[in-house]
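**Student:** Dropping the structure in here first, questions after.
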Amino acid sequence: MWSISKIASLVHEWLSNTFSATWVTVFEMVIAGVLVISLFAVLGLILVMMERKVSAWIQIRLGPNRVGPKGMFQSAADTVKLLVKEGMTPNGADKLLFNVAPFLAIVVSMLLMAPLAFAKDFTLWDINIGVLYVSAISSVSVISILMAGWASNNKYSLMGAMRSGAQIVSYELSAGLSIMAIVVLTGSLNFNDIILSQADGWWIFKGHLPIWIAFIVFLIAVTAETNRAPFDLAEAESELTAGFHTEYSGMKFALFFLAEYVNVFIVCAIGATLFLGGWMPFHIGHWDGFNHIMDFIPSSLWFFGKTFFLIFLIMWFRWSFPRLRIDQLLNLEWKYLLPISMVNILLVTAMAILKWHF
Amino acid sequence: MVEEIGTTQDGDLIINVGPQHPATHGVLHLVITLHGETIKKVEPHLGYIHRSIEKMCESLTYRQFIYVTSRMDYLSSHINNHGCALLVERAMQIEVPARAQVIRVLMDELTRIASHELWWGAMAMDLGAFTPFFHAFREREMINEIMEDTCGARLTMNYMVPGGVQEDIHPDFVRKVKEFIALFKRKVDEYDEMVTDNIIFRKRMENVGVISAADAISYGLSGPSLRGSGVSCDVRKYYPYDVYNQVQFEEIIETGGDSLARYMVRIREMKQSISIIEQLLDGIPDGDFCAKTKAVIKLPKGEFYQRVETARGELGIYVVSEGATTPYRIKFRSPGFSNLSALDHMARGSKIGDLVAMMGTLDLVIPDIDR
Numbered sequence: 001m002w003s004i005s006k007i008a009s010l011v012h013e014w015l016s017n018t019f020s021a022t023w024v025t026v027f028e029m030v031i032a033g034v035l036v037i038s039l040f041a042v043l044g045l046i047l048v049m050m051e052r053k054v055s056a057w058i059q060i061r062l063g064p065n066r067v068g069p070k071g072m073f074q075s076a077a078d079t080v081k082l083l084v085k086e087g088m089t090p091n092g093a094d095k096l097l098f099n100v101a102p103f104l105a106i107v108v109s110m111l112l113m114a115p116l117a118f119a120k121d122f123t124l125w126d127i128n129i130g131v132l133y134v135s136a137i138s139s140v141s142v143i144s145i146l147m148a149g150w151a152s153n154n155k156y157s158l159m160g161a162m163r164s165g166a167q168i169v170s171y172e173l174s175a176g177l178s179i180m181a182i183v184v185l186t187g188s189l190n191f192n193d194i195i196l197s198q199a200d201g202w203w204i205f206k207g208h209l210p211i212w213i214a215f216i217v218f219l220i221a222v223t224a225e226t227n228r229a230p231f232d233l234a235e236a237e238s239e240l241t242a243g244f245h246t247e248y249s250g251m252k253f254a255l256f257f258l259a260e261y262v263n264v265f266i267v268c269a270i271g272a273t274l275f276l277g278g279w280m281p282f283h284i285g286h287w288d289g290f291n292h293i294m295d296f297i298p299s300s301l302w303f304f305g306k307t308f309f310l311i312f313l314i315m316w317f318r319w320s321f322p323r324l325r326i327d328q329l330l331n332l333e334w335k336y337l338l339p340i341s342m343v344n345i346l347l348v349t350a351m352a353i354l355k356w357h358f
Numbered sequence: 001m002v003e004e005i006g007t008t009q010d011g012d013l014i015i016n017v018g019p020q021h022p023a024t025h026g027v028l029h030l031v032i033t034l035h036g037e038t039i040k041k042v043e044p045h046l047g048y049i050h051r052s053i054e055k056m057c058e059s060l061t062y063r064q065f066i067y068v069t070s071r072m073d074y075l076s077s078h079i080n081n082h083g084c085a086l087l088v089e090r091a092m093q094i095e096v097p098a099r100a101q102v103i104r105v106l107m108d109e110l111t112r113i114a115s116h117e118l119w120w121g122a123m124a125m126d127l128g129a130f131t132p133f134f135h136a137f138r139e140r141e142m143i144n145e146i147m148e149d150t151c152g153a154r155l156t157m158n159y160m161v162p163g164g165v166q167e168d169i170h171p172d173f174v175r176k177v178k179e180f181i182a183l184f185k186r187k188v189d190e191y192d193e194m195v196t197d198n199i200i201f202r203k204r205m206e207n208v209g210v211i212s213a214a215d216a217i218s219y220g221l222s223g224p225s226l227r228g229s230g231v232s233c234d235v236r237k238y239y240p241y242d243v244y245n246q247v248q249f250e251e252i253i254e255t256g257g258d259s260l261a262r263y264m265v266r267i268r269e270m271k272q273s274i275s276i277i278e279q280l281l282d283g284i285p286d287g288d289f290c291a292k293t294k295a296v297i298k299l300p301k302g303e304f305y306q307r308v309e310t311a312r313g314e315l316g317i318y319v320v321s322e323g324a325t326t327p328y329r330i331k332f333r334s335p336g337f338s339n340l341s342a343l344d345h346m347a348r349g350s351k352i353g354d355l356v357a358m359m360g361t362l363d364l365v366i367p368d369i370d371r
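Residue numbers (the numbering used here), protein chains in the order written: chain A, 1 to 358; chain B, 1 to 371.
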């Protein structure tokens, strides 16, 4: 059966037979890097397209339909447009910070891509502290936003950045605690171990109510962490015109834009990995025939299917809900989500100790 | 003394919202003083779209000046025209045919629905929900088509003239309005489901921009904005014109005084407008659509005042006539101008995110404010 892991091992075999061990490592690193970057670009294009089509569908519009069949090349055309636009640096801006900020944003998203398990036995960087790594690196993204907002020398940008800082730092707590629920149950920080622990059923089915609560808190928290509506206060266009990226244009703006979409993909991939079994197929108890058919679907399809389902959910939020106010946003986190997730983690721990889960 | 550009002595930020800003829906310029996220002062700067309509009217005849008024509050151009026509009719003692009176009221109420729909969509968009805007425009488009059939225009109608209306209604008018009403009744409930009952929306609106009845009156608020503070002020009830005294409708009053109350007034008003249209639609009397009037209208010497209830509030038209073919002086009392004046009072002490909610529920149309 066709699978990514097979191709990967074929490439590895061929490289090992042809080159010395050092060169194999170097080549594999280069290949992995190129793969991540191209996956990154492709994901950006696909997600922007998907967002526009989903929003069009929700808003009874057609969406882009001129460039290519059904408008599929619209985002490619937009990318070209953004590439040839002038990337201006406003007068009075802190030039270094202003120009570094978008790259920091994109680098953070690229780093986050490394430990994800895209398919069975296919992880770019299989580290044993994957979950911790993701939580740590994702908190760096707030620095790029703060840099962009501060360096722009624009009051709207500054306010957007400050809002974003308060928001991301707060919501990281809930996101971290809901992730911890799964870590407690599996006893591992490694993404592959977490996925393997779901071979007999995804955590969302095995974990009873506490995991449902953790999943919902996770969804809310990551929506806020990625600055997506209804938590898009950092760029609230009706209040702050465009928030932290008001002054950005051309490719520098596009990098922020791309980073936002890839971040959405990454958090959804993490959600799918932790709660929905990653690349693990859907199995029902002892229905061997059914399970066998499910196994036949490639693991990468399972992974991307689940991830895109979550992405669709987040897009659905964006096009349905009004935006919260800044004080309501912080109240929601500190007065509701955080206490809920703290109690929840106790429940999950009790559940893990008493082996109540399936 | 301003120590640094854009900050006050106390270190508060001064921010220019507008004249080009996504939330102002036009060229409104607000200079706001911010302490962190909290608003300390809102100062509207006007004049960006001033076209000196009042002065222009002094050189236009009583038939011509009606067309200029379509450009004031362009979302209720029918109602502006209606007010002007009423003023001339009253001054000249022109008897308007029953058919014209009914048509005018029908058009007024359709305009009110269209205006409130645009307000609803735009306000939801200001609060960050984009989808309602498109849903509102879907239904508003049907009204625009109805208008286009009869008046030939979609925004600046110029349909009502002294003595009646310019043309008879289109043969499809009644059928299309019935189709629209049948659909719209379901859609209003959908609006409630989508926006009104949304918890985030409620939290954004409740206790935001509160203005007491006394303050609202002293700032000269009118229309739905005043009725949201619990003051009964509907011109259609107190000074009924045309057939408004023959139809049954409820004057919507909410006592909250906050943004949610003003919002609910408008949502419920749409339902009342539908009921008015339903009462009149089947019994449009036969006859002339316009009274016979003299070719040249000369208003008798004196002062005339006519008020109408537009979608935004009370529009007053004050004409001083010297007995010539053109008015000596015209003054419009536009609802938007007075409504805007209360913004500073409402906004002080609230967050910058609330400003858009307040501006939204005041339903500001900038050409109406500036004229």
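Every residue gets a Cβ at the ideal spot worked out from N, C-alpha and C, and that includes glycine.
#1: Applying the 10 Å Cβ sphere with the 16-neighbour rule, what's the burial state of B/D73?
#2: In terms of alpha-carbon separation, which member of A/L35, A/V24, A/G71 lies closest to A/I46?
#3: Give me, in chain order, the residues of the same chain whose beta-carbon lies closer than 6 Å to that of A/N65; leave out the 5 immediate sequence neighbours on both sides.
#4: For A/R228 and chain B, any beta-carbon pair shorter than 7 Å?
#5: Give me the Cβ distance between A/S178 and A/A214, rounded to the nearest whole Å; I'm assuming they're in contact under 8 Å.
#6: Chain A beta carbons: is any one of them nearer than 7 Å to that of B/I39?
#7: Below 8 Å, how does it come out for the segment 199-218 of chain A and the segment 272-286 of chain A: are there three or more Cβ pairs, yes or no?
#8: Helix, strand or coil for B/M160, going by three-state DSSP, please let me know.
#9: Tell me whether A/M1 sits in a helix, a strand or coil according to DSSP, three-state version.
#10: Using a Cβ-Cβ distance under 7 Å, would B/A122 count as near chain A?
#11: Where does A/G271 sit, in a helix, a strand or coil, going by DSSP?
#12: Is there a C-beta anywhere in chain B that falls below 7 Å from the one on A/F321?
#13: Report buried or exposed for B/I374, applying the criterion of at least 16 other Cβ atoms within 10 angstroms of its Cβ.
#14: Report all residues from its chain with a CB closer than 7 Å to the CB of A/A56; omit the five preceding and five following residues, and keep chain order.
#15: Please check if any C-beta of chain A sits within less than 7 Å of the C-beta of B/L30.
#16: How long is the line joining the alpha carbons of B/D282 and B/V174, rounded to whole angstroms?
#17: Start and end of the beta strand (DSSP E) containing B/K41?
#18: Does the segment 278-294 of chain A touch the segment 315-330 of chain A, meaning 3 or more C-beta pairs lie closer than 8 Å?
#19: Suppose the cutoff is 8 Å on Cβ atoms and the five residues either side in sequence are ignored; what does the same chain contact list for B/E4 look like?
#20: Using a Cβ-Cβ distance under 7 Å, would A/R52 count as near chain B?
#21: Below 8 Å on the Cβ atoms is my contact criterion, and I expect B/G316 with B/F332 to pass it. Report the Cβ-Cβ distance as a whole number of Å.
#22: Suppose contacts are defined by Cβ-Cβ distances below 7 Å. Is B/I276 in contact with B/V265 by that definition?
#23: What does B/N198 reach in chain A if we use C-beta pairs closer than 8 Å?
#24: Exposed or buried, A/F309, counting other C-beta atoms within 10 Å across all chains shown (16 or more means buried)?
#25: Please give me, in chain order, every unbroken run of the beta strand (DSSP E) with length at least 3 that falls completely inside the segment 212-275 of chain B.
#26: Can you give me, in chain order, the residues of the segment 96-129 of chain B that have a beta carbon less than 8 Å from any beta carbon in chain A?
#27: Verify whether the separation of the beta carbon atoms of A/T226 and A/N192 is less than 7 Å.
#28: Determine whether the beta carbon atoms of B/L86 and B/S115 lie at a separation below 7 Å.
#29: Just to make sure I have the definition right: I need the residues of chain B whose C-beta is within less than 8 Å of the C-beta of A/S238. Which are they?
#30: Runs of 3 residues minimum, wholly inside the segment 70-145 of chain A: which ones carry the beta strand (DSSP E) assignment?
#31: Determine the closest residue to B/V365 out of B/H29, B/L13, B/Q9, with distance taken between C-alpha atoms.
#32: Within this structure, are the beta carbons of B/V42 and A/E239 separated by less than 7 Å?
#33: If you measure beta-carbon to beta-carbon, which residues of the segment 75-109 of chain A are closer than 8 Å to chain B?
#34: What span of residues does the beta strand (DSSP E) with B/I32 cover, start to end?
#35: Determine whether the Cβ of B/K351 lies closer than 7 Å to any Cβ atom of chain A.
#36: Could you tell me which residues DSSP puts in a beta bridge with B/E314?
**Tutor:** Walking through what the data contain:
#1: For the purposes of this step, residue 73 of chain B is taken as residue 73 along the second sequence, with counting starting at 1. B/D73 is buried by the Cβ-count criterion.
#2: One-based indexing of the first sequence puts residue 46 of chain A at position 46. Measuring from the Cα of A/I46, the nearest candidate turns out to be A/G71.
#3: Indexing the first sequence from 1 puts residue 65 of chain A at position 65. G71.
#4: Numbered from 1 along the first sequence, position 228 holds the residue referred to as residue 228 of chain A. So, not an interface residue.
#5: Start at 1 with the first residue of the first sequence, and residue 178 of chain A comes out as number 178. Start at 1 with the first residue of the first sequence, and residue 214 of chain A comes out as number 214. Contact flag correct, Cβ pair sits at about 4 Å.
#6: By one-based count along the second sequence, residue 39 of chain B stands at place 39. Judged by the 7 Å Cβ criterion, B/I39 is not in contact with chain A.
#7: yes
#8: Within the second sequence, residue 160 of chain B is the residue found at index 160, counting from 1. In this structure, B/M160 counts as strand in the three-state DSSP scheme.
#9: Taking the first residue of the first sequence as 1, we reach residue 1 of chain A at position 1. For A/M1, the pLDDT reaches just 43, beneath the cut-off of 50, and the residue's location in the model is therefore unreliable, leaving the point undetermined.
#10: Stepping through the second sequence from its first residue, residue 122 of chain B is reached at position 122. It does not; no Cβ of chain A falls within 7 Å.
#11: For the purposes of this step, residue 271 of chain A is taken as residue 271 along the first sequence, with counting starting at 1. Looking at A/G271 - three-state DSSP - the assignment turns out to be helix.
#12: In the first sequence, counting from the first residue as 1, residue 321 of chain A sits at position 321. Closer than 7 Å to some Cβ of chain B, the Cβ of A/F321 qualifies, so yes.
#13: Absent from the structure is residue 374 of chain B, since the part of chain B shown begins at 1 and ends at 371.
#14: What you label residue 56 of chain A is simply residue 56 of the first sequence in a count that begins at 1. If we look at A/A56 and ignore the five residues flanking it on each side, its Cβ neighbours are L62, G63.
#15: Numbered from 1 along the second sequence, position 30 holds the residue referred to as residue 30 of chain B. For B/L30, the answer is no, since every Cβ of chain A falls outside 7 Å of its Cβ.
#16: What you label residue 282 of chain B is simply residue 282 of the second sequence in a count that begins at 1. What you label residue 174 of chain B is simply residue 174 of the second sequence in a count that begins at 1. Rounded to the nearest angstrom, the two C-alpha atoms are 8 Å apart.
#17: Position 41 of the second sequence, counted from the start, is the residue given in the question as residue 41 of chain B. Where B/K41 is concerned, the enclosing beta strand (DSSP E) stretches over 38-45.
#18: no
#19: Translated into positions along the second sequence, residue 4 of chain B becomes position 4. Note that B/E4 scores a pLDDT of 45, beneath 50, so its modelled location is shaky and nothing firm can be said.
#20: Residue 52 of chain A sits at position 52 when you count from the first residue of the first sequence. Taking Cβ atoms only, chain B never reaches closer than 7 Å to A/R52, which makes this a no.
#21: As a first step, residue 316 of chain B must be located in the second sequence, where it is residue number 316. As a first step, residue 332 of chain B must be located in the second sequence, where it is residue number 332. With a Cβ gap of about 7 Å, B/G316 and B/F332 count as contacting.
#22: Residue 276 of chain B sits at position 276 when you count from the first residue of the second sequence. Residue 265 of chain B sits at position 265 when you count from the first residue of the second sequence. Contact flag unset, no.
#23: Position 198 of the second sequence holds residue 198 of chain B. The contacting residues are F321, P322.
#24: Walking along the first sequence from the start, residue 309 of chain A turns up at place 309. Exposed, since its Cβ has fewer than 16 Cβ neighbours within 10 Å.
#25: none
#26: A124, M125, D126, L127, G128, A129
#27: If you number the first sequence from 1, residue 226 of chain A lands on position 226. If you number the first sequence from 1, residue 192 of chain A lands on position 192. In this structure, A/N192 does not lie closer than 7 Å to A/T226 by Cβ.
#28: Indexing the second sequence from 1 puts residue 86 of chain B at position 86. Indexing the second sequence from 1 puts residue 115 of chain B at position 115. No, Cβ-Cβ distance for B/L86 and B/S115 is not below 7 Å.
#29: Here the question's residue 238 of chain A lines up with position 238 in the first sequence. Within chain B, the residues near A/S238 are P22, A23, M125, D126, L127, G128, V356.
#30: 117-119
#31: In the second sequence, counting from the first residue as 1, residue 365 of chain B sits at position 365. The candidate whose alpha carbon is nearest that of B/V365 is B/H29.
#32: Your numbering for residue 42 of chain B matches position 42 in the second sequence. Your numbering for residue 239 of chain A matches position 239 in the first sequence. For B/V42 and A/E239, no; Cβs fall outside 7 Å.
#33: none
#34: The residue given as residue 32 of chain B occupies position 32 in the second sequence. Run containing B/I32: 29-35, per the beta strand (DSSP E) assignment.
#35: Counting from 1 along the second sequence, the entry for residue 351 of chain B is found at position 351. By this cut-off, B/K351 is an interface position.
#36: For this step, residue 314 of chain B is matched to residue 314 along the second sequence. The partner list for B/E314 (beta bridge, DSSP) reads B/E309.
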